[in-house]
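Notes follow once the structure below has been shown.
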Amino acid sequence: MNRTCLQTHFLILVFSFTTLCATGGFGQSIQDRVPILIDTDTANEVDDLYALVRALVEPKFDLLGITSAQFHTSPLASDTTVLESQKINEDILDLMKRQDIKRPLGSNKPILDSNAPMESEAMHHIIRMAHQMPVGKQLHVVVLGPCTNVASAVLKDPSIVPKIKVHYIGFWHDVKTNSYNKKEFNTGNDPLAVEILLNTKGLDLNIMSATTSQHLVFEKTDVDAQLKGKGGVADYLVERWENYERWWTQKDSEKKRWIMWDLAIIEALAHPELAKKEAFTTPAENTNRSIHIYTSIEVEEMVADFWESLKHYGLLEK
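Residues in the sequence shown are numbered from 134 upward in steps of one, following our numbering.
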C-alpha cells in the first residue's frame, strides 16, 4: 500500500473516530442531546423502574445523573427509604452496565423549613450540573417523586433557577377549571418542596399531572411476553412487578395491569409529539405566575415506543 493510500485510510479512521465521539456512539450529536438528571423515589413503586430503563436507552438524552429520593407516607415506608431507592438505582445502572452515570444520594427527609434546604449529595450534584450548562442550555431535572432534592438546590443556590428546567410528576389538575388537588402521593411526601417550586419566580416548571399520566397503563401479559426469561434488567423489571405489594387498592389483586405514571413524562420528553402541554396560572395560594401542565398523552403510541426502544437497545433478546 503506497503512502497516499495510507494517508487516505488514516484520514478515514480519524474522521470515523471523531464522528463516533461527537455522537456518543448513538448517531445523535452530543451537542443536540438533552442534558437530563433524573430524581426518583424508586423504591416506592414499580413504574419508576420502567421509567429509568426507558430513559437509559434514549439516544436523545445526555443523562447526567440519577439521584435518589425519599418517601415516607406509604405504609411500606421504612426509616431509610432514600437508601432503598439508591439501591434500586444502582442495581439498574449496574445491570445495564452504565457505571459512567453518577448516582448521588438524596435527602432521607422532606424539607422541614421553607427557608432551609435539606443537604445531600443529590442537591449539590444538581447545583453543580446546572452551573456546567453552556450558555443557552438548561439542565432538565426530571422529578419522579417528591421534590425535596431540587427544591433544596433552589433554596441553596437561587442562581441556578434560569439554568434548570424542572419536569415534575405530581398533583391532580382539572384542565377546564384550572383547579389543583395537592392530595397526591408525590406532593404529599414533601408539600413544602412543591410550594417552593410553585412560588419560585422565573423557574421553568413543567407538570405531568396524575390526572394525565394515569391513562398510561401496561398489561402484565405484555410485560411477560416481552421481558420474562430475558435475564438481566428485563427479569429485574418483571420481578419488581410481581413482588411489590400494591397497598393502595384492593382492585386487580392479581396485578394484571399497572399504571406507569412516571414513564409518561419520560416518553413526553423523548417524543414531545406524543403529549400536549399548555400554560396555566399557578394555584391561587401560590405566587401568581405561568407554568406548563400536560393535558393529554398518546397512550398507545407511548406503549409501543417503550417496547420498540427496549428492542432497539437489545434488552428484549435472550
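Yeah, the Cβ is synthetic: ideal placement off N, Cα and C, and Gly gets one too.
Can you check which of these residues, Arg422, Glu431 and Trp394, is closest to Lys409 by C-alpha distance?
Counted from its first residue, the sequence shown places residue 409 at position 276. Nearest option by C-alpha distance: Glu431.
Suppose you measure from the CA of Ile293 to the CA of His257; what does that come to, to the nearest Å?
On the sequence shown, position 160 is the one that residue 293 refers to. On the sequence shown, position 124 is the one that residue 257 refers to. About 11 Å.
Proximity of Asp438 and Gly278 at Cβ, strictly below 7 Å:
Within the sequence shown, the letter at position 305 stands for residue 438. Within the sequence shown, the letter at position 145 stands for residue 278. For the 7 Å CB-CB criterion, Asp438 and Gly278 do not form a contact.
Specify the secondary structure class of Ala155 as computed by DSSP and reduced to three states.
As a working mapping, residue 155 is identified with position 22 in the sequence shown. Because the pLDDT of Ala155 is 43, which lies under 50, any placement of that residue in the model is unreliable, and the number read from its coordinates should be weighed accordingly. The answer is helix: DSSP assigns Ala155 an H, G or I state.
Report all residues from its chain with a CB closer than 6 Å to the CB of Met229; omit the five preceding and five following residues, and keep chain order.
By 1-based counting over the sequence shown, the position of residue 229 is 96. Excluding its 5 nearest sequence neighbours in each direction, Met229 has C-beta neighbours in its own chain below 6 Å: Leu189 and Val366, listed in chain order.
Any idea what DSSP makes of Ile392, helix, strand or coil?
On the sequence shown, position 259 is the one that residue 392 refers to. In this structure, Ile392 counts as strand in the three-state DSSP scheme.
For a quick check, are the C-beta atoms of Thr344 and Trp305 less than 7 Å apart?
Position 211 of the sequence shown, counted from the start, is the residue given in the question as residue 344. Position 172 of the sequence shown, counted from the start, is the residue given in the question as residue 305. Yes.
In its own chain, which residues sit with a C-beta less than 6 Å from the C-beta of Lys315, not counting the 5 before and 5 after it?
For this step, residue 315 is matched to residue 182 along the sequence shown. Answer for Lys315: Phe304, listed in chain order.
Is the distance from the Cβ of Leu185 to the Cβ of Ile225 below 7 Å?
As a working note, residue 185 is residue 52 in the sequence shown. As a working note, residue 225 is residue 92 in the sequence shown. Yes; because the gap between Cβ atoms is below 7 Å, this pair is in contact.
For Val215 and Leu238, which I take to be in contact (beta-carbon distance under 8 Å), what is that distance rounded to the nearest angstrom?
Here residue 215 refers to the residue found at position 82 when the sequence shown is read from its first residue. Here residue 238 refers to the residue found at position 105 when the sequence shown is read from its first residue. Val215 to Leu238, Cβ: 6 Å. Contact.
Do Glu191 and Ala397 have their beta-carbon atoms positioned less than 7 Å apart in this structure?
As a first step, residue 397 must be located in the sequence shown, where it is residue number 264. As a first step, residue 191 must be located in the sequence shown, where it is residue number 58. Going by C-beta atoms, Ala397 is not nearer than 7 Å to Glu191.
Answer yes if the segment 316-333 comes into contact with the segment 278-291, meaning at least three C-beta pairs across the two stretches below 8 Å, and no otherwise.
Yes: the two stretches touch, three or more of their Cβ pairs being nearer than 8 Å.
Let me know the beta strand (DSSP E) ranges lying completely inside the segment 319-364, each 3 residues or longer, listed in chain order.
Qualifying beta strand (DSSP E) stretches, in chain order: 337-341 and 350-352.
Burial state of Cys154, where buried means 16 or more other Cβ atoms lie within 10 Å:
As a first step, residue 154 must be located in the sequence shown, where it is residue number 21. Note that Cys154 scores 43 on pLDDT, short of 50, meaning its location in the model is unreliable; the coordinates nonetheless yield the value given after this. An exposed status is given to Cys154, since fewer than 16 other beta-carbon atoms sit within 10 Å of its beta-carbon.
Could you spell out where the beta strand (DSSP E) holding Phe194 opens and where it closes?
Position 61 of the sequence shown holds residue 194. First-last of the beta strand (DSSP E) with Phe194: Phe194 to Ser201.
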